[in-house]
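Student: I have a structure I would like to understand better, so I am pasting it below and will then ask my questions one at a time.
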Amino acid sequence: MRSVLSGPRLVGAVAAGAVTALVGLLFVLAAAPFADRTAVRAAAARLTRFELWRLRLDLPVKNEEGELRYLAARTPVGVLGGLVVLLLVVGLGMAVMLVWSWARGEAFDGMLPTAPLVAYLFVSGCVLLFLDVCGLVGVEALERRLAVRLLAPDPVEALRRRIDELTVSRAGVVAAVDAERRRIERDLHDGVQQRLVALSMLAGRARRGRPELLGQLHEQAQQALVELREVAWRVYPSGLDAHGLAEALAGVAERSSVAVKVTCELPERPPAVVEAAAYFVASEAVTNAAKHSRATLVTIDVRRQATMVVVRVEDDGVGGADATGGGLTGLAQRVAALDGRFTLTSPPGGPTVIEAELPCA
Numbered sequence: 001m002r003s004v005l006s007g008p009r010l011v012g013a014v015a016a017g018a019v020t021a022l023v024g025l026l027f028v029l030a031a032a033p034f035a036d037r038t039a040v041r042a043a044a045a046r047l048t049r050f051e052l053w054r055l056r057l058d059l060p061v062k063n064e065e066g067e068l069r070y071l072a073a074r075t076p077v078g079v080l081g082g083l084v085v086l087l088l089v090v091g092l093g094m095a096v097m098l099v100w101s102w103a104r105g106e107a108f109d110g111m112l113p114t115a116p117l118v119a120y121l122f123v124s125g126c127v128l129l130f131l132d133v134c135g136l137v138g139v140e141a142l143e144r145r146l147a148v149r150l151l152a153p154d155p156v157e158a159l160r161r162r163i164d165e166l167t168v169s170r171a172g173v174v175a176a177v178d179a180e181r182r183r184i185e186r187d188l189h190d191g192v193q194q195r196l197v198a199l200s201m202l203a204g205r206a207r208r209g210r211p212e213l214l215g216q217l218h219e220q221a222q223q224a225l226v227e228l229r230e231v232a233w234r235v236y237p238s239g240l241d242a243h244g245l246a247e248a249l250a251g252v253a254e255r256s257s258v259a260v261k262v263t264c265e266l267p268e269r270p271p272a273v274v275e276a277a278a279y280f281v282a283s284e285a286v287t288n289a290a291k292h293s294r295a296t297l298v299t300i301d302v303r304r305q306a307t308m309v310v311v312r313v314e315d316d317g318v319g320g321a322d323a324t325g326g327g328l329t330g331l332a333q334r335v336a337a338l339d340g341r342f343t344l345t346s347p348p349g350g351p352t353v354i355e356a357e358l359p360c361a
């Protein structure tokens with residue numbers, strides 16, 4: 001079905017390109033003396049966007065000057081496409097008239113059907129149709145190449161931009177790692193360390209003849225183990241390597257103070273770095289929801305879409321999450337380090353939706 005529809009689409013696209021080529025030429029001739037005006041640039045941008053839509057191209061346009069050059073340069077190609085479409089229409093029209101005349105028993109241009117004549121016209125028509133279709137495909141390919149050549153960023157510029165992006169993401173990763181280290185140190189100092197000091201004091205008092213403190217001593221020891229386990233899981237969940245992402249997220253749901261619903265549908269295990277990033281995105285989002293959003297339910301959805309692992313976390317809290325907060329900034333930097341995309345939507349009143357797309361191919 002798609003191949004049947006692609007033929008008319010191709011003819012329509014090339015025919016439309018012939019019309020817009022003439023329109024573009026007239027626009028360039030009229031607007032060339034006023035190329036620096038805002039209205040002219042906006043009109044050139046609209047015409048260029050239409051051409052890119054017609055060619056099914058998604059290109060970041062370099063500048064207005066490149067748009068005007070493109071509109072002027074594509075005129076010969078557009079006219080060529082119009083001629084190819086015209087030949088196709090004329091050929092098909094003559095073929096229809098020929099068949100119609102012979103079907104009614106009439107001569108066409110003084111010719112009556114004979115076996116050699118029918119065979120000659122059939123073979124000639126098939127060859128001309130083949131050449132015309134090749135011309136249509138060639139014109140579209142030439143137009144696409146011309147658009148890429150004149151509108152797409154220069155390869156050196158694209159490489160320089162990519163280097164800048166990698167430099168920024170590397171700096172972000174370093175900052176995120178430092179921030180995580182400081183948070184772990186703070187958790188150890190303010191939580192586990194203080195708990196162990198109190199535990200030591202209780203043990204000393206119990207040794208001095210206060211056996212009734214043994215129950216409290218045992219409770220404090222249990223709390224210290226829980227807090228130490230939380231810090232360890234925050235560094236890296238040990239169950240992630242052994243049992244996979246689904247089990248690790250189930251552990252997040254069990255430890256959370258709010259209800260968490262987990263859906264993890266992956267056909268196969270992604271790379272370890274992707275699993276770790278997906279886990280930390282979900283875990284940090286649940287922690288933020290429990291601390292700040294007053295949510296009653298958090299849903300975690302992990303699934304594969306093409307070459308991406310998509311992690312979506314939504315809570316029914318009050319919203320208003322700050323994307324520049326330390327935790328969320330660290331998550332965004334972690335995702336960016338893998339060339340992924342991180343988005344946060346949190347209008348006042350909720351819901352808050354965090355989504356990370358992680359490439360795994």
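Residue numbers for the sequence shown follow full-length UniProt numbering, beginning at 1 and rising by one.
Heads up, the beta-carbon is just placed ideally off N, CA and C, and yes, glycines get one too.
The model shown is predicted, which means the values in this text are computed figures rather than measured ones.
Any idea what DSSP makes of A118, helix, strand or coil?
Tutor: In the sequence under discussion, the amino acid at residue 118 is Val, which differs from the Ala named in the question. Annotated three-state conformation of V118 is helix, per DSSP.
Student: Suppose the cutoff is 8 Å on Cβ atoms and the five residues either side in sequence are ignored; what does the same chain contact list for R2 look like?
Tutor: Confidence in R2 is poor, its pLDDT being 47 and thus under 50, which makes the residue's placement unreliable; the coordinate value appears in the next sentence. If the five residues before and after R2 are omitted, its C-beta is found closer than 8 Å to no C-beta atom of its own chain.
Student: Mind checking A272: buried by the 16 CB within 10 Å criterion, or exposed?
Tutor: exposed
Student: Going by DSSP, what residue range makes up the alpha helix (DSSP H) through M94?
Tutor: Taken as a continuous stretch (DSSP letters only), the alpha helix (DSSP H) holding M94 covers T75 to A103.
Student: Pick from L26, L52 and W53: whose alpha carbon is nearest that of V40?
Tutor: L26
Student: Since L245 is in the alpha helix (DSSP H), which residue starts that stretch and which ends it?
Tutor: L245 to R255
Student: Would you please state the rounded distance, in angstroms, between the beta carbons of A44 and L68? I believe it to be under 8 Å.
Tutor: 6 Å
Student: Indicate the three-state DSSP secondary structure (helix, strand or coil) for V262 in the structure shown.
Tutor: Three-state result, V262: strand.
Student: Once you ignore the five residues that flank P359 on each side, which residues in its own chain have a CB closer than 7 Å to its CB?
Tutor: T307, M308, L338, D339 and G340
Student: Which of the three DSSP states, helix, strand or coil, is assigned to R2?
Tutor: Residue placement at R2 cannot be trusted, given a pLDDT of 47 that sits under 50; what the coordinates show is reported in the next sentence. The answer is helix: DSSP assigns R2 an H, G or I state.
Student: Where does V318 sit, in a helix, a strand or coil, going by DSSP?
Tutor: coil
Student: Going along the chain, which residues of its own chain have a beta-carbon closer than 8 Å to the beta-carbon of V84, five neighbours each way excluded?
Tutor: V14, D132, G135, L136 and V139
Student: Measure how close the beta-carbons of V90 and L146 come, nearest whole angstrom, since I'm counting them as under 8 Å.
Tutor: Incorrect: roughly 26 Å between the Cβ atoms, too far for contact.
Student: Measure the CB-CB distance between R303 and V310 and report whether it falls below 8 Å.
Tutor: yes
Student: By DSSP, does A152 sit in helix, in strand, or in coil?
Tutor: A152: coil per DSSP, three-state reduction.
Student: W53: which of G93, Q333 and R144 sits nearest, CA to CA?
Tutor: Taking only the C-alpha atoms, the option nearest W53 is R144.
Student: The beta strand (DSSP E) that contains E357, what's its start and end?
Tutor: T352 to P359
Student: State the DSSP-derived secondary structure class of D132, mapped to helix, strand or coil.
Tutor: helix
Student: For L249 and R269, what's the separation of their Cα atoms in angstroms?
Tutor: L249 and R269: Cα-Cα distance of roughly 14 Å.
Student: Quick one: what's got a C-beta closer than 8 Å to G66's C-beta in the same chain, skipping five residues either side?
Tutor: L150 and L151
Student: Using 8 Å for Cβ pairs, my map puts V258 next to A295. What's the rounded Cβ distance?
Tutor: 6 Å
Student: What number of angstroms, rounded off, separates the C-alpha of S346 from the C-alpha of T352?
Tutor: 4 Å
Student: Let me know if V4 comes out buried or exposed under the rule of 16 or more other beta-carbons within 10 Å of its beta-carbon.
Tutor: With a pLDDT of only 45 at V4, under 50, the local geometry of the prediction cannot be trusted, and the value read off the model is given with reservation. Looking at its Cβ environment, which holds fewer than 16 other Cβ atoms inside 10 Å, V4 is exposed.
Student: By Cβ distance below 8 Å, which residues in the same chain neighbour H292 in space, the five residues on each side in sequence not counted?
Tutor: G317 and A321
Student: Taking all protein chains shown into account, do 16 or more other C-beta atoms lie within 10 angstroms of the C-beta of V252, making it buried, or fewer, making it exposed?
Tutor: buried
Student: To the nearest angstrom, how far is it from the Cα of L142 to the Cα of T343?
Tutor: Near 37 Å, if we compare the C-alpha coordinates of T343 and L142.
Student: Could you compute how far the alpha carbon of E357 sits from the alpha carbon of I300?
Tutor: 14 Å
Student: Helix or strand or just coil, what does DSSP make of R56?
Tutor: Correct three-state label for R56: coil.
Student: What do you reckon, are the CB atoms on L240 and E275 nearer than 8 Å?
Tutor: yes
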